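Protein chains in written order, with numbering that gives the first Met the number 0: chain A, 0 to 219; chain B, 0 to 101. Idealized CB from N, CA, C, for every residue including glycine. Bear in mind the structure is a predicted one, so any value in this text is a computation, not a measurement. First the structure, in the form of structure tokens, and then the observations on it.
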Amino acid sequence: MSKVASTTLRDSLSVSLTVGAYGVAFGAAAVANGFTVLQSCLLSLLTFSGASQFAVIGVLGAGGSALSGIATASLLGVRNALYGVIMAPRLKVSGLTRVVAAQITIDESTAVALGQEPHGADAMRKGFWYTGIGVFVFWNLFTLAGALGAQAMGDIRAFGLDSAVPAAFLGLVWPRLTGKFERILAVGCALFAIAMTPILPAGLPIIATTFIAIAVGLKR
Amino acid sequence: MSTFWIATIGTSVIAFALKYSGHSVPERWLSHPKIQRINALIPIALLSALVAVQSFSEKSQLMIDQRLVGLSVAIIALFLNAPFPVVVLSAAVSSAAVYRWL
Chain A
0 MSKVASTTLR
10 DSLSVSLTVG
20 AYGVAFGAAA
30 VANGFTVLQS
40 CLLSLLTFSG
50 ASQFAVIGVL
60 GAGGSALSGI
70 ATASLLGVRN
80 ALYGVIMAPR
90 LKVSGLTRVV
100 AAQITIDEST
110 AVALGQEPHG
120 ADAMRKGFWY
130 TGIGVFVFWN
140 LFTLAGALGA
150 QAMGDIRAFG
160 LDSAVPAAFL
170 GLVWPRLTGK
180 FERILAVGCA
190 LFAIAMTPIL
200 PAGLPIIATT
210 FIAIAVGLKR
Chain B
0 MSTFWIATIG
10 TSVIAFALKY
20 SGHSVPERWL
30 SHPKIQRINA
40 LIPIALLSAL
50 VAVQSFSEKS
60 QLMIDQRLVG
70 LSVAIIALFL
80 NAPFPVVVLS
90 AAVSSAAVYR
100 WL
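Pasting the structure below:
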């Protein structure tokens, strides 16, 4: 194996393992929020997008409707469409291969692929496939482990799972708070959601913050 | 069909549709700078709202409990540049400790 190919493989594997391991947190959180082990595993297999998965279990766990959960998760999934736009001309695939490529188009596979840009188009394609498939395998295995573990726990608060979920959301949003503008938006939306919680039906205070994001995004 | 099943299947179908559409639409449709910018802001808004609601509410009621401790510990861990699993675990352990012993 050439030096470049082994670098790509190493990058892909390390990302796959570390990210895949977060699947434990998702599986445990899903069960803690009322999903069955089967539903938790199906979300990881079929939705396969961490932020969207955490969002739908978060909204339903807070008492929100299925529609609120689906809407919040889907809004977070829009970025995968944008990743698809970036990757499609580089992958040049069709038919069933495109279906598989679409399913593994997530933050990590796109990021590793773009990270291989200095090594050429072939390394980018390899980075995408290795990382996408690697994360998929580990994410699903760890989801099952986490879901079974949480099911065995009983009172999830005694194990801190009720705090693990918001901590996971915070860990997901933290790297995005790159500037003052982003941090103000984050705090503003958090305060807005808290203020609206006793007033609006569950789930809506979360989705409503989308309009804040759109409004400030259009104005800026 | 239960709410949880509808959410599981609905989320999965739309998630795939979004991914597949990205691979199928012409690049210019989604490459508008305003769309790109809004797309970067939406996760910040939704995830921040989720952090707040999951930390300070139970159904439609606001409440402060052991989760405040867990969240505070998570924030400290993030300021110390701790990796994601450490952030989640430290929040869980501190919250569980408060729940059990206070």
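Less than 8 Å between the CB atoms is what I'm expecting for residue i and residue j, so what's the real figure, rounded?
| i | j | result |
| --- | --- | --- |
| F137 (chain A) | L16 (chain A) | 6 Å |
| P197 (chain A) | Q53 (chain B) | About 16 Å separates the two Cβ atoms, so there is no contact after all. |
| A201 (chain A) | A28 (chain A) | So it is not a contact: roughly 17 Å between Cβ atoms. |
| A54 (chain A) | L45 (chain B) | 7 Å |
| I41 (chain B) | T209 (chain A) | 6 Å |
| E181 (chain A) | I43 (chain B) | 6 Å |
| A112 (chain A) | F127 (chain A) | 4 Å |
| G83 (chain A) | A101 (chain A) | 6 Å |
| L111 (chain B) | V77 (chain A) | There is simply no residue 111 (chain B) to check, as chain B begins at 0 and stops at 101 in what is shown. |
| G57 (chain A) | N32 (chain A) | 7 Å |
| E107 (chain A) | V14 (chain A) | 5 Å |
| P165 (chain A) | V50 (chain B) | 5 Å |
Could you list which residues in chain A have their beta carbon closer than 7 Å to that of residue i, in chain order?
| i | result |
| --- | --- |
| I5 (chain B) | A65 |
| L45 (chain B) | A54, T71, L74, L75, I205, T208 and T209 |
| I13 (chain B) | I69, S73 and G76 |
| L40 (chain B) | L184, A212, V215 and G216 |
| L101 (chain B) | Correct list: empty, because the minimum Cβ distance to chain A is about 12 Å. |
In the DSSP assignment, what residue or residues form a beta bridge with residue i?
| i | result |
| --- | --- |
| L61 (chain B) | B:S56 |
How would you list, in chain order, the residues of chain B whose beta-carbon sits under 9 Å from the beta-carbon of residue i?
| i | result |
| --- | --- |
| M139 (chain A) | The question names Met, but residue 139 (chain A) in the sequence shown is Asn. Simply none; closest approach about 13 Å. |
| S108 (chain A) | Per Cβ cutoff of 9 Å: no residues; S108 (chain A) is ~11 Å from chain B at best. |
| S197 (chain A) | Checking the sequence, you will find Pro at residue 197 (chain A) rather than Ser. Correct list: S56, S59, Q60 and L61. |
| Y21 (chain A) | F83, P84 and V87 |
| G131 (chain A) | Chain B residues near G131 (chain A): none, gap ~11 Å exceeds 9 Å. |
So residue i contacts chain B; which residues on that side make the cut at Cβ distance below 7 Å?
| i | result |
| --- | --- |
| E181 (chain A) | I43 |
| D161 (chain A) | R66 and S94 |
| Y82 (chain A) | G21 |
| V36 (chain A) | By Cβ distance, chain B contributes nothing, its closest Cβ being about 12 Å from V36 (chain A), past 7 Å. |
| Q102 (chain A) | F15 and K18 |
| T46 (chain A) | T10, S11 and A14 |
| A24 (chain A) | V87 |
| A189 (chain A) | S47, A48, V50 and A51 |
Can you name the residues of chain A whose CB is closer than 8 Å to the CB of residue i?
| i | result |
| --- | --- |
| H31 (chain B) | Near H31 (chain B) there are no residues of chain A at all, since even the closest Cβ is about 11 Å away, more than 8 Å. |
| L70 (chain B) | S162, P165, A166 and L169 |
| L77 (chain B) | L169, G170 and W173 |
Provide the residue span of the alpha helix (DSSP H) that contains residue i, from first to last.
| i | result |
| --- | --- |
| S67 (chain A) | A65 to L90 |
| D154 (chain A) | No alpha helix (DSSP H) holds D154 (chain A); DSSP gives it neither H nor E. |
| H118 (chain A) | Note, H118 (chain A): premise wrong, no alpha helix (DSSP H); not H, not E. |
| G9 (chain B) | T2 to S23 |
| F158 (chain A) | Segment: none, F158 (chain A) is in no alpha helix (DSSP H) and carries neither H nor E. |
| A54 (chain A) | G49 to G60 |
| P84 (chain B) | F83 to W100 |
| T7 (chain A) | K2 to A20 |
| R219 (chain A) | First-last for R219 (chain A): undefined, no H or E at that position. |
| L95 (chain A) | G94 to Q102 |
| S43 (chain A) | Per DSSP, S43 (chain A) belongs to no alpha helix (DSSP H) and is neither H nor E. |
Please compile the residues from chain B whose C-beta is within a distance smaller than 8 Å of the C-beta of residue i.
| i | result |
| --- | --- |
| A61 (chain A) | V52, Q53, S56 and K58 |
| A146 (chain A) | Ordered by position in chain B, no residue passes the 8 Å Cβ test against A146 (chain A), which lies about 13 Å from the chain. |
| L42 (chain A) | T7, T10 and S11 |
| F158 (chain A) | A91 and A95 |
| G33 (chain A) | F3 |
| L176 (chain A) | I43 |
| S51 (chain A) | T10 and A14 |
Could you check if residue i belongs to the surroundings of the ligand GTP, using beta carbon to heavy atom distance under 7 Å?
| i | result |
| --- | --- |
| S162 (chain A) | In terms of ligand content, the structure shown is empty, and the ligand GTP therefore cannot be addressed. |
Residue ranges of each alpha helix (DSSP H) within the stretch 173-211 of chain A, 4 or longer: 179-195
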